Amino acid sequence: PSEIVCDQAALALANIDPTRTEALPVLIRIVTNERWMAAADGIKAIEKMGSRARDAAPALEQVLAKPGDGLNRCIAVDALPKIEGSAAAPVLVRVLKNDQDATVRFHAARALADLGPACPQTIPALVEALSDPQVDSASQLARLGEPGLTAMEPALKSPDLDVRRNVVNALTNAAMSAPWVTKGGEQSRLLPDQLVHLLMIAMTDKSVSIREQAARDLQFAGGEAQRRALAELAREKKEYGQQSKLSTRAY
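Residue numbers (my numbering): 55 to 305.
See below:
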């Protein structure tokens, strides 16, 4: 049969029964050839095989080394953790640091987070990427729960306003996904202690918008955090009112 027929047969077999690896050599050839559309199908088929496709890892790394092939690099980045587990971390870290395509770097950050906080490279690499505005590693760190949240605390003191804002945006998303609970007839959000701690720090930020955002996140947190958040919102409202009066008088 022709090469194209062999390729299609290998893709079909891998998709029908990913537990069978007879097609893996053909899939590796598909991934490394110059027909990028077929390569995408090959990478996805290899990904379905999971750890049974470890022999394909070098081929996927070869894809990552190809400039100008952003789509396949993204697909390869997504596949590597499912095939190699934590062993894929060094490659993902390198992609996160060095790839010129922001979308590929975003996929690398997400893939590292998928490996979880137990992977020793995950949190340091995501923290280092907090300065990359196109990656949103703060959201990936927030996905990791308490270890990821704890790792973001120093960034709340960063001199870079964008870094602090990105961290607080991730904290806001985490707060908005927290469940509501009813106690004493009043509703509040059940926020993790570490999340409350970080938002309390953010409420002392020199940026008015960050302080207000953190206070709004905590206004239904219950207890002391809620009391301080409501006080902060009231103070900001009062200051805004005073500034508005001064502006009106100026005219």
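Using N, Cα and C, we set each Cβ at its ideal position, and we do this for glycine too. Everything numeric in this text was worked out from a predicted model, so none of it was measured.
The Cβ-Cβ distance between residue 86 and residue 93 falls below 9 Å.
Counting along the chain, residue 108 sits inside no alpha helix (DSSP H), nor does DSSP assign it H or E at all. DSSP places residue 154 in the coil class of the three-state scheme, outside both helix and strand. Out of 123, 125, 155 and 169, the CA that lies nearest to the CA of residue 144 is found in 169. Non-local beta-carbon contacts of residue 136 in its own chain, meaning distances under 7 Å to residues more than five positions away in sequence, involve 101 and 104 in chain order. Going by beta carbons, residue 165 and residue 131 fall inside the 9 Å limit. Assigned with DSSP and collapsed to three states, residue 240 falls in strand. Closest in C-alpha terms to residue 96, from the list 223, 71 and 129, comes 129. Under the rule that a run must span 4 or more residues, the alpha helix (DSSP H) segments found entirely inside the stretch 120-197 read 124-138, 143-152, 156-169, 176-182 and 191-197.
In this structure, residue 244 and residue 232 form a Cβ contact; the two beta carbons are roughly 6 Å apart against a cut-off of 8 Å. Taking 9 Å as the cut-off, the beta carbon of residue 224 is found closer than this to the beta carbon of residue 195. For residue 216, the enclosing alpha helix (DSSP H) has its first and last residue at 215-230.
For residue 250, DSSP assigns no beta-bridge partner whatsoever.
The beta-carbon distance between residue 153 and residue 142, rounded to whole angstroms, is 15 Å. This is too long to meet the 8 Å contact definition.
Under the DSSP assignment, residue 206 falls in the alpha helix (DSSP H) whose first and last residues are 200-206. Residue burial annotation: residue 193 is buried, with at least 16 other C-beta atoms found within 10 angstroms of its C-beta.
Shortest Cα-Cα distance from residue 155 to any of 206, 68, 126 and 61 involves 126. Residue 111 is positioned such that its CB atom lies closer than 9 Å to that of residue 138. Residue burial annotation: residue 69 is exposed, with fewer than 16 other C-beta atoms found within 10 angstroms of its C-beta. By alpha-carbon distance to residue 258, the top candidate from 182, 282 and 140 is 282. For the set 79, 221 and 276, the Cα lying nearest the Cα of residue 107 is the one of 79. According to the DSSP assignment, residue 83 belongs to the alpha helix (DSSP H) that extends over 78-86. For residue 65, the enclosing alpha helix (DSSP H) begins and ends at 57-70. Ranking 151, 261 and 158 by CA distance to the CA of residue 219 puts 261 first.
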